[in-house]
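Student: The sequence shown begins at 175 in this note's numbering and counts up by one. Quick one: this structure, given as C-alpha cells, is what I'll be asking you about.
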Amino acid sequence: MKKIFTLFATLLFAVTAMAEDYECNLAVFAYGTPSDYQKVNINCTKNANEKFDFLLKNFSFGTMNVGDINVKDIDVIEQNGDFYRFKTKQTITIIFVLPCEIELEGTLNGSTLDVKLFIPSFSTSVLVNNNPTLETYPQVTGLKVFGTDVPNFDPSKNTGNSIVLPTTPTDADITFTTDDASAKTYVLSFHDTQNKLFYVACYSNDLVGITNYVFDVVESSGVDAVMEPSCRTVIGSYNVGGKTSGNGSRGLVITKYSDGTVEKIVK
C-alpha cells in the first residue's frame, strides 16, 4: 500500500511539474498603436505529446474583450536541457465561436517565459515576458529601414517621415541604433497597406513602451518602381529622367519589364 501511495505521489508531482503558471508583463501593439503594458497570468504546460499548451485567460485590449487565448500542441523546434524554443501557426476559437488564425513563437528557459503572439485578423501583436532584465531604456539614437537611414529621425517623440517602402517590411528590416550595444529592445512593426502607413513600436526588455514611429509609405514610381517577378510583359518606357517616353521618343529609352529586367536602348 505504501509503495502504491508513493508511486501515486510521484506521478502526481510529475504531472503537476509540467504545468506552470507565470506572472508576466504583457504589451499589446494593436492596429498600429502600442498600448500600456499590463500584468497577466500565463499558463504554459508541457503536455503528454512533448508539446506545449499556452493559455492566456480573459485577454483584452482597449475596449475589446477577446477572451481566453488557448493554443494547444505548440511544436518544440529546439531543446537543450531546460531550454525550449517553440513555434506554431494554427486556427483557434476566440470570442465564443469566432475562428481566428494566430502565430505564436517563444522560449522557455528554466523559469523564464518569453512569448510573441500575432493575431493577423486583429492586426495585433502581443509580447509576454516574466523575467525583465533591462532596468533602463536604451537611448535610441538612429533608425534604419531596409538598411537606409531614416531622414530627420527624432528619437524623442513620434515622427512622421517619408520613406520608400516597396515591400511589406518585417522586424528584421528595422534597425535601431543605441549607445549601449548590449541593450535589447523589442521591435513590433505593422504595415497598413490601405492607408499607406508603416508603424514601428519599440519596447524595452521589461515590455514598457519606449516610443513608436509612424512613416508615410511613398509608392515607388517611374523607372525606380520595384516590380514582382512574373510573366515578362512591358511595364513602361522611360527617359533618362525617369519620365514616361512615347513610341516616337529619341535618345536613351529605358524599357522596364514585369519580371524586373530593364533594357536600355538609344534611338
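Quick reminder that beta carbons are idealized off the backbone N, C-alpha and C, glycines included. Because the structure is a prediction, the values reported are computed rather than measured.
#1: Would Y373 and V361 be called neighbours here (beta carbons separated by less than 8 angstroms)?
#2: Report back the beta-carbon spacing between D227 and T219 to the nearest angstrom; my notes put them in contact at under 8 angstroms.
#3: If you draw a straight line from the alpha carbon of D195 to that of V392, how long is it in whole angstroms?
#4: With H, G and I counted as helix, E and B as strand and the rest as coil, what does DSSP make of F327?
#5: For I411, which beta-bridge partners are listed by DSSP?
#6: Within 10 angstroms of the Cβ of T298, are there 16 or more other Cβ atoms? Answer buried if so, exposed if not.
#7: Rounded to a whole number of angstroms, what is the C-alpha to C-alpha distance between T310 and T429?
#8: Pull up the distance between the alpha-carbon of S239 and that of K246, whole angstroms please.
#9: Between the segment 258 to 265 and the segment 275 to 284, do three or more beta carbon pairs fall short of 8 angstroms?
#10: Taking DSSP as the reference, what is the three-state secondary structure of P343?
#11: At the 8 angstroms Cβ level, is I276 part of the contact set with chain D, yes or no?
#12: Count the other C-beta atoms from every protein chain shown that fall within 10 angstroms of the C-beta of L272, then say buried if there are 16 or more, exposed otherwise.
#13: I need the DSSP call for F296, collapsed to helix, strand or coil.
#14: Can you tell me where the beta strand (DSSP E) with F233 in it begins and where it stops?
#15: Count the other C-beta atoms from every protein chain shown that fall within 10 angstroms of the C-beta of S234, then say buried if there are 16 or more, exposed otherwise.
#16: State yes or no: is the C-beta of G241 within less than 8 angstroms of the C-beta of I269?
#17: Does the distance from the CB of T349 to the CB of K318 come in under 8 angstroms?
Tutor: With the structure as the only source:
#1: As a first step, residue 373 must be located in the sequence shown, where it is residue number 199. As a first step, residue 361 must be located in the sequence shown, where it is residue number 187. Result no, Cβ atoms of Y373 and V361 do not sit closer than 8 angstroms.
#2: Here residue 227 corresponds to residue number 53 of the sequence shown, with the count starting at 1. Here residue 219 corresponds to residue number 45 of the sequence shown, with the count starting at 1. About 4 angstroms separates the beta carbons of D227 and T219, which is inside the 8 angstroms limit, making them a contact pair.
#3: As a position in the sequence shown, residue 195 is number 21, starting the count at 1. As a position in the sequence shown, residue 392 is number 218, starting the count at 1. Spanning the two alpha carbons is a distance of roughly 46 angstroms.
#4: In the sequence shown, residue 327 corresponds to position 153, counting from 1. The answer is coil: DSSP assigns F327 none of H, G, I, E or B.
#5: Indexing the sequence shown from 1 puts residue 411 at position 237. Reading off the sequence shown, one finds Ser at residue 411, where the question assumed Ile. Looking at the DSSP assignment, S411 forms a beta bridge with T429.
#6: For the purposes of this step, residue 298 is identified with residue 124 of the sequence shown, where counting begins at 1. Label assigned to T298: buried.
#7: For the purposes of this step, residue 310 is identified with residue 136 of the sequence shown, where counting begins at 1. For the purposes of this step, residue 429 is identified with residue 255 of the sequence shown, where counting begins at 1. Legend: pLDDT at T310 = 48, less than 50; position of this residue unreliable, value from coordinates given subsequently. Distance between the alpha carbons of T310 and T429 is about 53 angstroms.
#8: Position 65 of the sequence shown, counted from the start, is the residue given in the question as residue 239. Position 72 of the sequence shown, counted from the start, is the residue given in the question as residue 246. Reading off the sequence, residue 239 comes out as Asn, not Ser. Those two C-alpha atoms are separated by around 21 angstroms.
#9: yes
#10: Locating residue 343 in the sequence shown gives position 169, counting from the first residue. In the structure shown, P343 sits in coil (DSSP, three-state: anything other than H, G, I, E or B).
#11: No chain D is part of this structure, which consists of one protein chain only.
#12: Within the sequence shown, numbered from 1, the residue matching residue 272 stands at position 98. That one is exposed.
#13: If you number the sequence shown from 1, residue 296 lands on position 122. If DSSP states are grouped into helix, strand and coil, F296 belongs with the helices.
#14: Position 59 of the sequence shown holds residue 233. Counted as a single uninterrupted DSSP element, the beta strand (DSSP E) harbouring F233 occupies residues F226 to F235.
#15: One-based indexing of the sequence shown puts residue 234 at position 60. That one is exposed.
#16: Here residue 241 is taken as the residue at index 67 of the sequence shown, counted from 1. Here residue 269 is taken as the residue at index 95 of the sequence shown, counted from 1. Yes, these two residues count as a Cβ contact at 8 angstroms.
#17: Counting from one through the sequence shown, the residue named residue 349 turns up at place 175. Counting from one through the sequence shown, the residue named residue 318 turns up at place 144. Yes; because the gap between Cβ atoms is below 8 angstroms, this pair is in contact.
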